[in-house]
Structure formats: C-alpha cells, structure tokens
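**Student:**
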Ligand code: UDP
C-alpha cells in the first residue's frame with residue numbers, strides 16, 4: 163500500500179451563516195454541497211436556527227451542526243427569536259443584528275479549539291477577517307449577492323456619480339433611481355473586508371452573471387470569485403425543499419395538487435421574500451391588479467400574528483371567493499412552487515435567492531425591487547439577460563420592514579403582469595430565454611458543468627493551501 167497523500171484527505175470546513183433566511187438558506191446549501199463531496203463540514207449556528215436547518219438540509223454523515231447560545235436577553239429579544247426572518251419588525255431585526263456581534267467571542271473560542279482548513283462565513287460578520295487572520299485559517303467570503311450586483315455597487319462608488327447610469331460596466335446599465343446614501347455606507351465596509359478574504363463564493367452560475375462580469379470583477383479588484391450555484395438545485399426530497407428556511411404554512415401536497423389542475427404557464431406566483439412587509443393599502447393595490455388581470459395566482463403574504471381579522475382587511479370584496487388562486491399566509495414552499503410547470507411568471511422583489519431559483523426553474527420574472535442590491539438584480543434580469551419585465555418602481559427602502567412613502571398603483575402592476583401572462587411575441591421571447599437559462603443552470607451544476615468545475619478547482623486550491631499551512635497554527 164502506498165503512503166497516504168495529504169491531498170487525498172478530506173478538508174475540514176466551518177460554515178458560519180448569518181441568521182436571515184436570504185443568507186442562511188444558500189450558505190447552508192453550500193455547506194451541504196461541500197459535505198456531499200466528502201469533506202467534513204460543521205455549520206456553526208444558534209439553537210432556533212439549528213431547528214430550522216435540521217428539517218431542511220439533507221442529512222449527511224459528515225455534515226454537523228454546532229450550536230452556541232443566542233444572547234437573547236443581552237439584546238432584549240424574546241427567547242427563540244434568533245433570525246431576522248422571525249423578527250417581525252424593524253426594532254427586533256436590529257436587535258438580532260446586534261446579537262450577531264456578540265457571537266464573536268464564543269465562535270472564536272470554538273474555532274480555536276477545533277481548527278478547520280477553511281472558514282466560509284457570511285460577510286455581514288465584519289469581525290470574521292480578524293478571527294481568521296489571528297488563527298491563520300483561510301477564509302472564503304459569502305454575501306448572498308450576484309457578482310453583477312457587486313460590480314454595479316463598486317462601479318457606482320468608483321465613479322461617484324449623481325446619475326442613474328452606471329459607468330464602467332460591460333453593459334450600459336440605467337437604474338430607475340439612485341441608492342440611499344445610508345445603504346451605500348452600510349455596504350462599504352462589507353465589500354472592503356470581503357476583499358481581504360481568500361475568495362468570494364457566489365450562489366450563481368457563470369453563464370448568468372456572465373464571463374464579462376467575472377473578468378471585470380477580478381480585474382478591478384484583484385480578488386477571486388467562485389461561482390458554484392445555483393445551490394437550490396442540490397438534491398433533496400420535496401419535504402426538505404418545502405421546509406427550506408422555515409416551516410411551510412401550507413401542505414406542499416395540497417399546493418401541488420391545486421397546481422396539477424392548472425394549464426402550463428397559467429398561474430402567477432407572487433412573493434416578496436422573507437423580510438418585506440407591505441402596508442394594507444399596498445396589498446389592496448396588488449389584489450386589485452391581480453383581480454383586474456383575471457389571471458390565477460399563488461400569493462404569499464406575511465402572516466400578521468395574533469390578529470386574524472388583520473389578515474383579511476385589505477382584500478377587495480369577494481376576492482378569494484373567485485377561486486382563482488391561493489393566498490399563503492406565512493412561509494411558502496417556494497422552490498417547489500417555482501418548479502411546477504403551471505407557474506407562468508414570478509412577481510418578485512428580486513432578492514438574489516428568489517431570482518436564481520426562478521432562473522433555475524425557467525420562470526420569467528416581473529420585477530419589483532424593494533431594498534438593497536435587489537435594484538441591481540432587477541437590471542440583470544431585464545436589461546442584461548432579458549428574462550423579465552419591470553413594474554417600474556423607484557423607491558429604495560433600507561430594509562423590507564420599512565414603510566414606503568409611495569404607493570405602487572394597481573395599473574402599473576396589472577400592466578406588467580399582463581405583459582408576461584397575456585402571451586404575445588414579447589412574452590414568448592422572454593419565456594423562451596428564461597427556459598434557456600434554466601437548461602444552462604442545470605448543466606452548470608452537473609459533472610463537467612461550469613459550477614461543478616469551479617467547485618472542484620476551489621477544493622484543489624484549498625488542499626494546496628493546507629499543504630503550506632504555517633507550522634504554529
Ligand atoms: N422563501 C421561501 N418561502 C417564502 C419566502 C421566502 O422559501 O415564503 C425563501 C426563498 O425561496 C429564498 C429565500 O427565502 O430562498 C429568500 O431569499 P431572497 O434572497 O430571495 O430574499 P430576502 O428574503 O433575503 O429578501
């Protein structure tokens with residue numbers, strides 16, 4: 163028997179997800195991906211988040227959860243509220259964010275005692291760079307954005323422009339409005355510290371971000387980005403898919419059997435992610451638009467806990483009695499719904515996960531961004547890749563819980579819905595393009611596909627790094 167080669171041994175990873183669905187879901191999918199390649203993976207999280215993960219991540223003998231207590235009382239949160247997705251209001255979501263800063267010391271202690279070959283952490287943990295440097299551990303950064311959005315943010319900053327045209331990108335991109343200064347200020351340290359990491363992991367495939375943006379990013383930053391997605395395509399059961407992120411508010415089988423009774427591309431799916439709460443007036447406008455369009459729908463509306471009447475107040479008269487659709491009050495099994503052939507369009511806030519999940523399912527999008535990088539994602543969808551149409555919103559919020567000043571009227575919502583759902587040449591072209599990207603997405607994650615090759619190359623790189631680890635670490 164030959165000598166054991168260090169490069170044949172599995173790598174040891176620590177994954178540290180940020181407690182918000184849009185961050186935690188994809189990073190834990192990435193953790194599963196590394197575990198399924200035979201590496202030892204530990205996800206460091208808190209007790210309530212671990213409960214959510216246990217239901218949705220496929221069990222794997224080399225994938226473990228390590229829980230550390232959540233400092234609820236130190237920040238004044240009720241027990242069990244450990245995720246921004248369960249925070250329900252701006253104040254509590256801020257407290258969850260504050261609590262994540264207090265996790266530094268227990269995480270440091272755990273990592274020091276159980277040193278991995280690599281840390282893969284959310285960029286929102288700004289202190290992670292210091293920790294990884296102190297312990298001489300390579301760090302991969304993850305921020306949950308598309309690389310296109312990162313390039314757009316960096317270009318806006320570099321050109322310090324007061325115009326909505328983003329200079330210096332491979333395409334001429336025009337925003338509907340400029341981002342608020344507070345948001346730019348929040349993003350700056352995150353994007354800076356990220357550049358000090360060994361590389362950036364992106365939940366996307368290179369065909370959707372485009373080689374031109376990957377080149378642009380690497381040339382302008384000198385930093386490496388690894389496209390290894392879409393990670394929602396990892397293998398798991400329908401039940402695991404349905405519980406991805408939170409417990410589904412509906413029976414996935416009932417939902418599927420309703421969809422099974424519908425024609426292909428005849429139902430519009432409406433969901434604004436895990437953080438967006440609209441006013442009753444805004445919900446009324448959406449309901450009026452859907453009613454006027456006469457299309458069938460599945461509409462996800464966050465539940466208003468403790469007051470059942472509040473859940474109904476905003477609906478136009480006899481809206482639900484028309485039997486045209488389903489309103490899901492709470493968490494929807496989104497990936498399962500998007501994968502059904504009856505879904506013909508997705509009215510979305512352009513959160514990156516929702517976007518890449520729609521692309522993977524070949525569903526064209528009606529874009530209505532709310533906050534953060536969603537406004538750049540919208541442009542990738544509509545101006546660059548041609549797989550969606552815009553509602554035409556201009557108002558940026560800092561976070562989804564915030565009240566918006568302007569109401570988005572029913573007429574422009576209905577118009578955008580009809581552009582995709584009524585058929586015609588434009589709708590057919592967009593749908594075809596969306597379906598072509600779905601084929602590319604699936605190909606990317608298969609053996610020999612672009613994302614699979616990137617994953618293998620990244621693992622090889624990390625094995626080489628392990629060989630050169632300093633002796634004192
Ligand atoms: N999601 C879901 N059911 C819901 C709402 C959201 O499964 O009712 C999932 C969705 O599939 C996606 C994530 O939650 O994976 C939301 O992430 P995204 O980046 O789209 O938006 P965010 O919630 O961060 O604004």
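Residue numbers (my numbering): 163 to 635. C-beta atoms are modelled at their ideal positions from N, C-alpha and C, and glycine is treated no differently. Please read these numbers as outputs of a predicted model, since none were measured by experiment.
1. In three-state DSSP terms, what is residue 565?
2. Tell me which residue opens and which closes the alpha helix (DSSP H) that residue 598 is part of.
3. For residue 635, which three-state DSSP category applies?
4. Would you kindly report the start and end of the unbroken alpha helix (DSSP H) that includes residue 523?
5. Alpha carbon to alpha carbon, what distance is there between residue 404 and residue 218?
6. At which residues does the beta strand (DSSP E) containing residue 460 begin and terminate?
7. Could you give the residue range of the alpha helix (DSSP H) that holds residue 626?
8. Indicate, with yes or no, if the ligand UDP has a heavy atom lying under 8 Å from the CB of residue 406.
9. Can you confirm whether the region 408 to 415 touches the region 479 to 496 when touching is taken to mean that 3 or more C-beta pairs between the two stretches lie within less than 8 Å?
10. Quick test of the definition: if touching needs 3 or more C-beta pairs under 8 Å, does the region 171 to 187 touch the region 274 to 286?
11. Evaluate residue 536 with the Cβ neighbour count: other Cβ atoms within 10 Å of its Cβ, from every protein chain shown; 16 or more gives buried, anything less gives exposed.
12. Taking all protein chains shown into account, decide if residue 168 is buried (16 or more other Cβ within 10 angstroms of its Cβ) or exposed.
13. Are residue 187 and residue 398 close, meaning C-beta to C-beta below 9 Å?
14. In the region 238 to 291, which residue ranges form an unbroken beta strand (DSSP E) of at least 3 residues, counting only runs that do not cross its ends?
15. Hey, would you say the C-beta of residue 551 is under 8 Å away from at least one heavy atom of the ligand UDP?
16. Starting from the N-terminal end, write out each residue whose C-beta falls within a distance shorter than 5 Å of any non-hydrogen atom of the ligand UDP.
17. Grab the span of the beta strand (DSSP E) containing residue 174 for me, first residue to last.
18. Who are the Cβ neighbours of residue 547 in its own chain at under 8 Å, not counting the five residues just before and after it?
19. Return the residue from the list 214, 256, 339 and 288 that minimises the CA-CA distance to residue 266.
20. Give me, in chain order, the residues of the same chain whose beta-carbon lies closer than 8 Å to that of residue 499; leave out the 5 immediate sequence neighbours on both sides.
21. Buried or exposed: residue 626, going by 16 or more other Cβ atoms within 10 Å of its Cβ?
**Tutor:** In terms of the structure at hand:
1. coil
2. 587 to 607
3. Residue confidence for residue 635 is low, a pLDDT of 47 falling below 50, so the modelled location carries little weight; the figure read from the coordinates is stated next. Coil, per DSSP.
4. 514 to 523
5. 8 Å
6. 458 to 463
7. 612 to 629
8. yes
9. yes
10. yes
11. buried
12. exposed
13. no
14. 280 to 284
15. no
16. 183, 184, 187, 407, 435, 436, 437, 462, 493, 494, 496, 513, 514, 515 and 516
17. 174 to 178
18. 370, 595 and 599
19. 288
20. 417, 421, 431, 460 and 505
21. exposed
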